[in-house]
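First the structure, in the form of structure tokens, and then the observations on it.
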Amino acid sequence: MKRRASDEVFVGPWFDRRKLLQSAGLAAGLAFLPMFQVDAAPLRYGLKPLQLDAGVWMLAGVDEAISSDNGGAIANITIFDTKDGAVVVDTGPSKRYGLELDAIARQLTGKPVARVLLTHFHPDHVFGCQAFASEALAAPQGVVEGLKQSGEDFASAMYYLAGDWMRGTEVVLPAKAIVSGHEDIGERRFRYVVLQGHTPCDLAIFDERSGILVAGDLAFLDRAPTTPHADLKDWHASLKQLGEAQFSRLVPGHGPSEKDRRGLVQTGEWLSMIEEKITEAFDRGLSMTEAMAIPLPSWAEKIALSRYEFGRSVMHLYPKLEDALWPRVDTRSN
Amino acid sequence: MCLSRSSFAIFAAVICQYAVVVAPAQADSPKDPMNSPMWEDMREAFIGDASYQFDPRVKVIVPEVVENQAQVPVTVDARSLPGVQKIVVFADLNPLPHTLTLSPTAAAPFISFRLKVEQATPVRAAVLTEDGTWHVGGKFLSAAGGGCSSPAMARNKADWSLTVGNTRGRAWRQADGLARFRMTIKHPMDTGLAKGNIPAFYIDNVMVRATSGKVLAKVEMREPVSEDPTLTLMVRLPAEDRAIQVDSHDIDGNEFSSKIDVGWKQSQLNTRELQEMHP
Ligand SMILES: [Zn+2]
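So the sequences go chain by chain: A and B. Going by the working numbering, the first residue of the first sequence is number 1379, and it counts up by one from there. Going by the working numbering, the first residue of the second sequence is number 1079, and it counts up by one from there.
This is the structure:
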């Protein structure tokens, strides 16, 4: 992969990368809208750990869309202290984030990072992996496959969205495959549950010692769920399975960590709501932009990024509905 | 219009000049509210010396976030403007700005479709009314956002020829008497600019007719219309008509016909509701 300069833009439907760089259209665009500011000061995430339990911390993502202001640090990251070293769940959006994460994990635990677990293949969760030893990186095979397939495109998109924060970031594939079951690291026993729905492969992690459930992006709280690779039916089933578990505290992929099940419940309600609203708009003949403008229930409007994510979900779900529900009308099909 | 590689180079060079030296606007011409460096160029290409004004009655609706730059939903709605003859849609900073032209002969001046974009760009509609004046509306499409969708298209090159022309769609009788239809035609809509030397190949003409053969609307499409064009239109279909006839062809001369039954379900949609949605 070659993508070092900060003035590169991702592969679009028109050109390949090199051709794009030579194209004057880009020059016009950059003159018009300076998308990549040249910043003299080095960028820093300034991560602030929040203690959840003895030897457990969370680095909270901001409730925003990925941008060059936040550097893509929108997802929650969890750090566990064990006798054998730190265990980190998800690595953030960039190499720079990964390096800061490694430093803070060492500082909190006084030990190197023994294990890095990836919950799913989305770019805000996996692009800090370069900071860690490759043999420490572990994820279910489905996450690795997703990264193989889409990692480069995600990286390109992230460079475009977050700009200079991404400098030096590359796709890293975890060496160790995880299956449902448990793993003992130091004095902690981690239970792994491989599920799906937010993406084709989502890992939830339960730490028996603290009773904390790290749900990855299967759970969102007070921040609207994202659906680019979602299967809503599978997602509901996974939420149901997680809901049957006993846990002392939930760490959602985005939003605050709480001691109750609100993250699971709200995520399920949001998914039911968008499916109902989008299907209804589709059934009435609204085009995508019209469907994006329909009102949502007031509880949903209050959730951070609700309009933004609802609009995205319209774009994700509409093509599937068009394919599945419209009859063939071409004359040769008769 | 098929842009060859060499003519693209010239085209690019022209854009480059404009990027550096912004042509001064004539003293009496309206000022572009979006302040695009390409506006004068666009005006010359699509409006020429005819009189024009920037007009909020021409609404261009785009999402606040581009989820997939190969499929950006766009709606152009000029229903507040009387006497519309023609709607020309273009995107200033696309490699090929001209996107489509709608002639709403017996149709609402309204179209929804999906657009390919390369970068953030103004998306505009120039609407010609009976008095010979152009009314220009537009919206700046910010290309940043999303971040989770793969921009690359997953088209299987060997597969498209089997499904090209397959069309799906549905129509509704609206409370205002118009027939709204939505349809999608399988077609690669190749721009001729993508890697791999794939030549331009796109549907350039869509005719919408009543059963009698009367033309209701014509859509001329260009390269920037997304793969598998998906259109929403509203036509004044005679009350006794039970179907909308849509005939299209691509630049290689392939012809596609479809017939969309109307009236098997009435939409609860009324015009006022739609107007309210787009303040
Ligand atoms: Zn995710």
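Virtual Cβ for every residue (Gly too), placed ideally from N, Cα, C. Since the structure is predicted, the reported quantities are computational estimates derived from the model, not experimental observations.
Buried/exposed call for residue i, threshold 16 Cβ in 10 Å
i, result
"T1487/A", "buried"
"A1432/A", "exposed"
"E1145/B", "buried"
"W1212/B", "buried"
"K1698/A", "exposed"
"E1700/A", "buried"
"N1113/B", "exposed"
"V1692/A", "buried"
"V1154/B", "buried"
"S1534/A", "buried"
"I1276/B", "exposed"
"S1684/A", "buried"
Contacts that residue i makes with chain B (C-beta to C-beta distance below 8 angstroms)
i, result
"M1693/A", "P1141, E1145, N1146, Q1149, P1151"
"S1665/A", "P1151, T1153, S1190, R1260, T1310"
Distance between beta carbons of residue j and residue i, contact taken as under 8 angstroms
i, j, result
"A1203/B", "V1167/B", "5 angstroms"
"I1322/B", "A1249/B", "6 angstroms"
"F1499/A", "G1524/A", "3 angstroms"
"L1610/A", "E1653/A", "6 angstroms"
"I1457/A", "A1451/A", "Not a contact, Cβ separation roughly 15 angstroms."
"V1682/A", "I1672/A", "Looking at the sequence shown, residue 1682/A is not Val but Ala. With 8 angstroms as the limit, A1682/A and I1672/A do not qualify as a contact, their Cβ atoms being about 19 angstroms apart."
"L1315/B", "A1257/B", "4 angstroms"
"R1394/B", "A1156/B", "Look at the range of chain B in this structure, 1079 to 1357, and you will see that residue 1394/B is not part of it."
"K1217/B", "I1125/B", "Rounded, the Cβ-Cβ distance is 18 angstroms, inconsistent with contact."
"V1643/A", "S1635/A", "Not quite, the Cβ-Cβ distance comes to about 15 angstroms (not below 8 angstroms), so this is no contact."
"A1582/A", "L1596/A", "6 angstroms"
"D1480/A", "F1505/A", "No, D1480/A and F1505/A are not in contact; Cβ-Cβ is about 14 angstroms, not under 8 angstroms."
"I1281/B", "S1335/B", "Not quite, the Cβ-Cβ distance comes to about 12 angstroms (not below 8 angstroms), so this is no contact."
Chain B within 8 angstroms of residue i, Cβ atoms only
i, result
"W1715/A", "One cannot answer for residue 1715/A here, as it falls past the ends of chain A, which runs 1379 to 1712."
"E1565/A", "no"
"E1478/A", "no"
"E1668/A", "yes"
"E1586/A", "no"
"E1700/A", "yes"
"A1406/A", "Here the model assigns A1406/A a pLDDT of 35, short of 50, so the residue's position is not dependable, and the following value carries that caveat. Yes, A1406/A counts as interfacial toward chain B."
"I1681/A", "no"
Distance cut-off 7 angstroms: residue i Cβ against heavy atoms of ligand 2
i, result
"H1498/A", "By its list of ligands, the structure shown excludes ligand 2, since it contains just ligand 1."
Partner residues on chain A for residue i, Cβ-Cβ distance less than 7 angstroms
i, result
"S1336/B", "V1707, D1708, T1709"
Chain B contact residues for residue i, given Cβ-Cβ distances below 7 angstroms
i, result
"W1704/A", "R1246, G1247, R1248"
"Y1686/A", "E1142, V1143"
Residue-chain proximity (residue i, chain A), Cβ-Cβ < 8 angstroms
i, result
"V1340/B", "no"
"G1076/B", "Missing from the structure shown is residue 1076/B; chain B here goes from 1079 to 1357 and no further."
"G1243/B", "yes"
"S1227/B", "For S1227/B, the predicted structure reports a pLDDT of 38, less than 50, and the residue's modelled location is therefore unreliable. A value from the coordinates is still provided. Interface residue, yes."
Neighbour list for residue i in chain B, Cβ cutoff strictly below 9 angstroms
i, result
"G1689/A", "P1141, E1142, V1143, E1145"
message: Which complete alpha helix (DSSP H) runs does the segment 1505-1562 of chain A hold, if anything under 4 residues is left out?
response: 1519-1540
message: At 3 residues or longer, what runs of the beta strand (DSSP E) sit wholly inside the segment 1409-1486 of chain A?
response: 1427-1431, 1434-1437, 1455-1460, 1463-1467
- request: Could you tell me which uninterrupted beta strand (DSSP E) segments, each at least 3 residues in length, are contained entirely in the segment 1255-1295 of chain B, listed from first to last along the chain?
  value: 1257-1263, 1281-1287
Beta strand (DSSP E) runs contained entirely in the segment 1151-1183 of chain B, provided each spans 3 or more residues: Assignment of beta strand (DSSP E) within the segment 1151-1183 of chain B, counting only whole runs of 3 or more residues, yields 1162-1169, 1176-1181 in chain order.
field: Complete runs of the alpha helix (DSSP H) confined to the segment 1110-1142 of chain B [at least 4 residues]
entry: 1117-1124
query: If you scan the segment 1611-1683 of chain A from start to end, which runs of the alpha helix (DSSP H) of 4 or more residues do you find wholly inside it?
result: 1640-1661, 1666-1670, 1676-1679
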